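Each remark here refers to the structure printed beneath this line.
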DNA sequence: GCCGTTTTCGGCCCGACTGTTTTCAGTCG
């Protein structure tokens, strides 16, 4: 997969052109739009190119397609080399500093010959920067603070991590007397697997008090900006958050606007303009007259559209589907009847069988699959066939006693390097079901890795392919595997494909899971829980399923116990 | 550079906050 390289290339092109300042802005925006679009592409860009489908990617036209072609085939881009001739790469790093945009970076470069972040810091400390036109003493201070910030901040983080902060903030604001309504918007509300910052909205008749309640929270490390309707803070730990204060008549349009995505909103505004309307966070207007804004449903209705669920708002076909009345009825958390991927103390979990069963029952589940590791995964104390048989009896005993939840006797069986499974076939047949996973040899080349996984999912005992890319956020890159081929084989063989919300995985992501469904697969939303608490990450797995346009029928965790058993058999 | 129920040319989403300015440019989302 070279998607990341191509995305970085396009962003670099845009940044360089913007600092150089000799191209018109829309050209630069076009590169960024194409880059964002590729970020949401589930497929391997090289394969898309091989099949001549580059120009079908939204925002990729003739010129960008040609540049991607050249870069993929030669590893270089002549155009980039030409425009970066004599262009200091350090300027790109300077652009990351909050408050510094292309114009200021350009001025620093042209006027003061500053080409690196270190040179910039030194110039600020010597107060050489404040003399420049458009700069001042406050700017110098902000740049110095910004340099520190960039060095500390770590960019996007997993939604599970942001979730804890968001819940605290929402609870805090909800209790405040000046606040009538609270919502968290942004990519958080869209349930994107990672979020860059948090966006909070409040309805208040006393905006200043509401803003103060936000900026004065103990969690706040620094107030970056604070105005009448908008404040920005930095939480301890480096997560940035915005608060917007809305009026009741703009609650729906504000929620819609700040939920995004950017490209979804741009598309909506285009539709509004075509109807002679104007859409902003304050409402939908015909001339100066507001015709919608108090509810999100009303905003969409004013544009002639049904309500679109936040998880779909990526400008990935959902607006067209809405226009045609073809939006999916997304799977909901309440539809989930169980989990197929969980561990107990028998291997590397922390809770007992009974504790896990009780926690699952408390979540309202009808069943819970216990899938312990197989022998090869020694670090997780994978169990041999004899120990598995003891577990089988424990589960049978539990199920006889239980008046409610039923346990399934599963295994998370390692896929070995050659694609064979970690138990002999006759042992595999003793389990109710098998989840199969890659836990080793992450570096195999594309073809070998693909053949390995294809062999595993084709095994008659394989029921669920767990965390198919093996990615771990901030820790491990995805394995090189042809997901389309794997999905096609899974569909053919009746092997479900997993969306795993455990640890720092979030694997598959939304776009990949959508591709899986498109190839005819059914999916499983699993937590890979190693404790009772971790069963609670199910909302993130379901969130990804919703981002993948999945309906309840597509997700085996929503099926009843008998149907699941029959599917596994 | 992209794209099409206004268009193959001429548009391209819209507004808040900051700091430096005396009316606004730059930055950000």
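In my numbering, the protein residues as written are 17 to 585.
Note that beta-carbon positions come from the ideal geometry of N, C-alpha and C, so glycine has one too.
Remember, it's a predicted structure, so these values are computed and weren't measured experimentally.
Terminal residues of the continuous alpha helix (DSSP H) containing residue i?
i: residue 415; result: 401 to 417
i: residue 188; result: 175 to 191
i: residue 475; result: Run containing residue 475: none; DSSP gives neither H nor E here.
i: residue 306; result: Taken as a continuous stretch (DSSP letters only), residue 306 belongs to no alpha helix (DSSP H), being part of the beta strand (DSSP E) at 305 to 308.
i: residue 285; result: 278 to 290
i: residue 231; result: 223 to 231
i: residue 268; result: 267 to 275
i: residue 6; result: Outside the displayed span of the chain (17 to 585) sits residue 6, for which this structure offers no information.
i: residue 343; result: First-last for residue 343: undefined, no H or E at that position.
i: residue 87; result: 78 to 90
i: residue 313; result: 312 to 318
Give me the residue from the options with the minimum Cα distance to residue i.
i: residue 183; options: 457, 214 and 328; result: 214
i: residue 478; options: 501, 484 and 449; result: 449
i: residue 251; options: 231, 319, 104 and 563; result: 231
i: residue 559; options: 526, 165, 427 and 79; result: 526
i: residue 150; options: 123, 137 and 220; result: 123
i: residue 87; options: 72, 65 and 417; result: 65
i: residue 301; options: 472, 265 and 21; result: 265
i: residue 460; options: 267, 432, 98 and 358; result: 432
i: residue 304; options: 539, 504 and 293; result: 293
i: residue 344; options: 533, 48 and 387; result: 533
i: residue 436; options: 404, 398, 76 and 471; result: 471
Under three-state DSSP, which class holds residue i?
i: residue 21; result: helix
i: residue 564; result: coil
i: residue 450; result: strand
i: residue 429; result: strand
i: residue 530; result: helix
i: residue 353; result: coil
i: residue 133; result: helix
i: residue 516; result: strand
i: residue 559; result: helix
i: residue 252; result: coil
i: residue 547; result: coil
i: residue 439; result: coil
i: residue 220; result: coil
i: residue 247; result: strand
i: residue 299; result: strand
i: residue 535; result: coil
i: residue 45; result: helix
i: residue 199; result: strand
i: residue 31; result: helix
i: residue 72; result: helix
Rounded to the nearest angstrom, how far is the Cβ of residue i from that of residue j, given a contact under 8 Å?
i: residue 259; j: residue 247; result: 5 Å
i: residue 548; j: residue 518; result: Residue 548 to residue 518, Cβ: 13 Å. No contact.
i: residue 383; j: residue 422; result: 5 Å
i: residue 176; j: residue 275; result: The pair is not a contact, with the Cβ atoms about 19 Å apart (cut-off 8 Å).
i: residue 178; j: residue 204; result: 6 Å
i: residue 268; j: residue 315; result: 5 Å
i: residue 93; j: residue 33; result: So it is not a contact: roughly 13 Å between Cβ atoms.
Grab the span of the beta strand (DSSP E) containing residue i for me, first residue to last.
i: residue 238; result: 236 to 242
i: residue 458; result: Looking at the DSSP string, residue 458 is not in any beta strand (DSSP E), and its letter there is neither H nor E.
i: residue 385; result: 383 to 389
i: residue 540; result: 539 to 542
At least three beta-carbon pairs within less than 8 Å, the segment 197 to 211 to the segment 155 to 164: no
At least three beta-carbon pairs within less than 8 Å, the segment 542 to 552 to the segment 484 to 503: no
At least three beta-carbon pairs within less than 8 Å, the segment 390 to 402 to the segment 345 to 353: no
Validate contact between the segment 355 to 367 and the segment 302 to 312 using beta carbons, cut 8 Å, 3 pairs: no
Inter-stretch contact (C-beta, 8 Å, three-pair minimum) for the segment 50 to 58 and the segment 125 to 135: no
Inter-stretch contact (C-beta, 8 Å, three-pair minimum) for the segment 55 to 66 and the segment 118 to 129: no
Given 8 Å, three or more beta-carbon pairs between the segment 502 to 513 and the segment 326 to 343: no
Segment contact, 8 Å Cβ cut-off, at least three pairs: the segment 99 to 110 with the segment 82 to 91: no
The segment 408 to 415 touching the segment 463 to 477, judged by at least three CB pairs closer than 8 Å: no
The segment 139 to 150 / the segment 214 to 224 touching (three or more Cβ pairs under 8 Å): no
Contact between the segment 271 to 288 and the segment 315 to 322 (3+ Cβ pairs under 8 Å): yes
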